[in-house]
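What follows is a single structure, written as structure tokens, with notes after it.
In the numbering used here, the protein residues as written are 86 to 237.
Here you go:
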């Protein structure tokens, strides 16, 4: 009887510790994909991006998650840091075929500044990727928050 009780207590302990480990690792992935850069969640909706400086256009990419009901959209993001980056809006078909892109060079400042770019889609079924990337091979660190792709 003692062996059975010991077995159940041991199993309970093993299962409990596995659940705690899984709960700690169940953090959802960031919605931002680093391209030649690391993206770190600072909390409170702020993210810091550190580029490697190995190639042009390093930074992060964000894919708007929903289909649109209108062709007129607005991309908005708040940025701060040092150096120059580019806000890039890329439009592709649902199958990944390139349609067009728009680029806006941004001179970063140490204070938060919000940038808002209107964009007209070719189709409401298009996929939109928003990137904040370097223009050349350089190590840049910047912080962003409040990235929104919304319909107008």
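Even glycine gets a Cβ: it sits at the ideal position worked out from N, Cα and C.
Nothing here was measured: the structure is a model prediction, and the numbers come from that model.
Distance, residue j Cα to residue i Cα
i           : j           : result
residue 209 : residue 191 : 28 angstroms
residue 165 : residue 115 : 20 angstroms
residue 175 : residue 198 : 22 angstroms
residue 127 : residue 225 : 17 angstroms
residue 125 : residue 153 : 29 angstroms
residue 157 : residue 203 : 7 angstroms
residue 232 : residue 117 : 10 angstroms
residue 169 : residue 155 : 32 angstroms
residue 148 : residue 178 : 13 angstroms
residue 206 : residue 173 : 14 angstroms
Per-residue burial, residue i [other beta carbons within 10 Å of its own, 16 or more giving buried]
i           : result
residue 144 : buried
residue 238 : Here the chain comprises residues numbered 86 to 237, so residue 238 is not present and cannot be evaluated.
residue 219 : buried
residue 221 : exposed
Under the three-state DSSP convention, the category residue i falls into
i           : result
residue 183 : strand
residue 235 : strand
residue 152 : coil
residue 225 : coil
Residue i: CB within 8 angstroms of a non-hydrogen atom of the ligand COA
i           : result
residue 177 : With respect to the ligand COA, the structure offers nothing, as it holds no ligand at all.
Segment limits, beta strand (DSSP E) that includes residue i
i           : result
residue 165 : 157-166
Practice task
Would you check if there are 3 or more beta carbon pairs closer than 8 angstroms linking the region 216-225 to the region 129-149?
Solution key: With the cut-off at 8 angstroms, the region 216-225 and the region 129-149 touch.
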